[in-house]
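If you read the protein sequences in the order shown, they are chains C and G.
Counted the way the UniProt record's numbering counts, the first sequence spans residues 1 to 190.
Counted the way the UniProt record's numbering counts, the second sequence spans residues 1 to 190.
Okay, so here's the structure we're looking at.
There are 2 protein chains.
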Amino acid sequence: MALRHAVLAALLDEELSGYQLAKSFDLGVANFWHALPQQLYAELARLEADGLVAGREVVQETRPNKRLFKVTDEGLAELERFAASSAKPSMLRDDLAVKVQSSDLVDTGPVIAQLRERADFARAKIELFEKLLVKLRGGRVEEEFLREGERVGPYLTCLGGLVFERGYLQWCERIAGILETRSGEKERGR
Amino acid sequence: MALRHAVLAALLDEELSGYQLAKSFDLGVANFWHALPQQLYAELARLEADGLVAGREVVQETRPNKRLFKVTDEGLAELERFAASSAKPSMLRDDLAVKVQSSDLVDTGPVIAQLRERADFARAKIELFEKLLVKLRGGRVEEEFLREGERVGPYLTCLGGLVFERGYLQWCERIAGILETRSGEKERGR
DNA sequence: TCATGATACTCAAGAATCTGACTATTCATA
DNA sequence: TATGAATAGTCAGATTCTTGAGTATCATGA
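Here it is as structure tokens:
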């Protein structure tokens, strides 16, 4: 029961449909929570059944109709309880690190390629986050916004995503460089 | 089928029992993979049944007997295939970030406390990683070790863990400071 | 005009994960 | 000398997550 709270937190700022929510989990919220669309639809249904979110049908002419969900007072109370409860340590699962861990005993070629790919991805994400931050603080300088802005939560988590991606980017570049040098040395050594 | 590869990677350097493996997943490997002991015991059983690891009973006098596992050639071949296959994007799930996301609408007191706790945890982990790095490079300076060392995989993932925890630490401290200032302002504003 | 791709969802089945309890022995410590 | 922590696991059941396939409409571009 933890996806529930991630969904509630994601719905705090705007009413979203399941489809939009899925997109936001693939971009913004994905910094700190991962879920597939199917899970989100299912979770929204459960949340609605429990009265933590309220859905309303929006009829569209040019596209299929959709249901928009917003957090209810009960939902907010649930988030309040969650925030006060003890947090589980953050959980990370990273395929690429598993490959790096075994990199002395397997062919490093594909691992280096994947590190470079991941670095590109991180660069794209960083750019996206930087734009999002500018948008969220709406003209104000950061310090002023963080002191006086009404809604800073998403900004703060976006800062977290930025820190994470910048760290990951540096790591990828450094490790790719090291593995490349080492595989070069090995060639010459033969 | 992804925990398998994390387990194989963790067993590359030493023969471990399920119990020891569980410990290492709680400390070192936990940088990039999370799993509970029960899962590890089950996965070891499956890996052994598939011939990817080999277990041997070690009789102990002063403690309960244990079974040590090592990676077989087949296991290594499986890791090789895994390293060459495309990686899934790293998956993060972070309770604390969910709480920060909703921090404008819930009581920030407990969130700030949790950020400080997490910061302490990160500091402890950083110290641990730094010691581990010194141990892994065994007297040599980093550059030399990374160029000429025979087994650098665990060192590289440890570097990753360090980058991650340092980033997380900075984020926690900064966010805790911001939320504290804001809650102070609010008090005075009443 | 025909094929994508985007919007907006749904369903079922199976794999993976988590919760919680249990067994048994030894070591340290209060 | 009891008490709790550490070693070394096992088991069942519930929940969660992932895989894979479908439905239907509209817009865009080749």
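Each residue gets a CB set at the ideal place from its N, CA and C atoms; glycine is no exception.
- Collapsing the DSSP output to three states places K125 (chain G) in a helix.
- Between the beta-carbon of L8 (chain G) and that of L52 (chain G) there is about 7 Å, and that keeps the pair under the 8 Å contact cut.
- In the structure shown, F69 (chain C) falls within a strand segment according to DSSP collapsed to helix, strand and coil.
- Taking 7 Å as the threshold, the shortest C-beta distance from L16 (chain G) to chain C does not fall below it.
- Per DSSP, reduced to three states, the secondary structure at V58 (chain C) is strand.
- When the beta-carbon positions are compared, S90 (chain G) and D94 (chain C) come within less than 7 Å of each other.
- Inter-residue distance for L68 (chain C) and V58 (chain C) is about 7 Å (C-alpha atoms, whole angstroms).
- In the three-state DSSP reduction, L27 (chain G) falls in the coil class, being neither helix nor strand.
- Looking at the DSSP output, S102 (chain G) bridges to nothing.
- Per DSSP, reduced to three states, the secondary structure at S183 (chain G) is helical.
- By the neighbour-count criterion, in which 16 or more other beta carbons inside 10 Å mark a residue as buried, L36 (chain G) falls on the exposed side.
- Going by C-alpha positions, L162 (chain G) is about 9 Å away from N31 (chain G).
- The Cβ atoms of L3 (chain C) and E43 (chain C) lie closer than 7 Å to each other.
- Inclusion of A83 (chain G) and V106 (chain C) in the CB contact set at 7 Å is warranted, their separation being smaller than that value.
- Put simply, the backbone Cα of R137 (chain C) is about 28 Å away from that of L40 (chain C).
- Only R147, E148, G149, E150, R151, V152, G153, P154, L156, T157, L159 and G160 from the stretch 147-160 of chain C bring a Cβ to less than 9 Å from some Cβ of chain G.
- Going by beta carbons, I178 (chain C) and L146 (chain G) fall inside the 7 Å limit.
- For R93 (chain G), no alpha helix (DSSP H) run applies; the uninterrupted beta strand (DSSP E) run containing it begins and ends at M91 to R93, by DSSP.
- Using a Cβ-Cβ cut-off of 7 Å, Q101 (chain C) is close to A9, G153, P154 and T157 of chain G, given in chain order.
- The alpha-carbon separation between E150 (chain G) and S85 (chain G) amounts to approximately 24 Å.
- Excluding sequence positions up to five before and after V152 (chain C), its CB lies within less than 8 Å of the CB of F145 and L146, all in the same chain and listed in chain order.
- Under the DSSP definition of a beta bridge, L16 (chain C) partners with C:F69.
- By the CB criterion at 7 Å, L115 (chain C) and C172 (chain C) fall inside the cutoff.
- Contact annotation, L12 (chain C) with S102 (chain G): C-beta distance approximately 6 Å; criterion of less than 8 Å satisfied.
- A Cβ of chain G is located within less than 7 Å of the beta carbon of R93 (chain C).
- The distance from the Cβ of R118 (chain C) to that of L132 (chain C) is about 20 Å, inconsistent with a contact at the 8 Å cut-off.
- Within 7 Å of the CB of S24 (chain G), no CB atom of chain C is found; the nearest one sits about 11 Å away.
- For A10 (chain G), the enclosing alpha helix (DSSP H) begins and ends at L3 to A10.
- For R147 (chain G), the uninterrupted alpha helix (DSSP H) run begins and ends at E142 to E148, by DSSP.
- Closest in C-alpha terms to D73 (chain G), from the list G:D50, G:Q60 and G:A87, comes G:D50.
- For the pair I112 (chain G) and E180 (chain G), the CB atoms are nearer than the 7 Å cut-off.
- Comparing alpha-carbon positions, the option among C:G184, C:R56, C:Q20 and C:E14 lying closest to G109 (chain C) turns out to be C:G184.
- Residue-level contact by beta carbon fails for G75 (chain G) and chain C, as no gap is shorter than 7 Å.
- The distance from the Cβ of A10 (chain G) to that of L21 (chain G) is about 6 Å, consistent with a contact at the 8 Å cut-off.
- Each of C:V98, C:G160, C:V134 and C:E130 was checked against the Cα of W33 (chain G), and the nearest Cα belongs to C:V98.
- Listed by position along chain G, the residues whose Cβ is nearer than 8 Å to that of I175 (chain C) are L156, L159 and G160.
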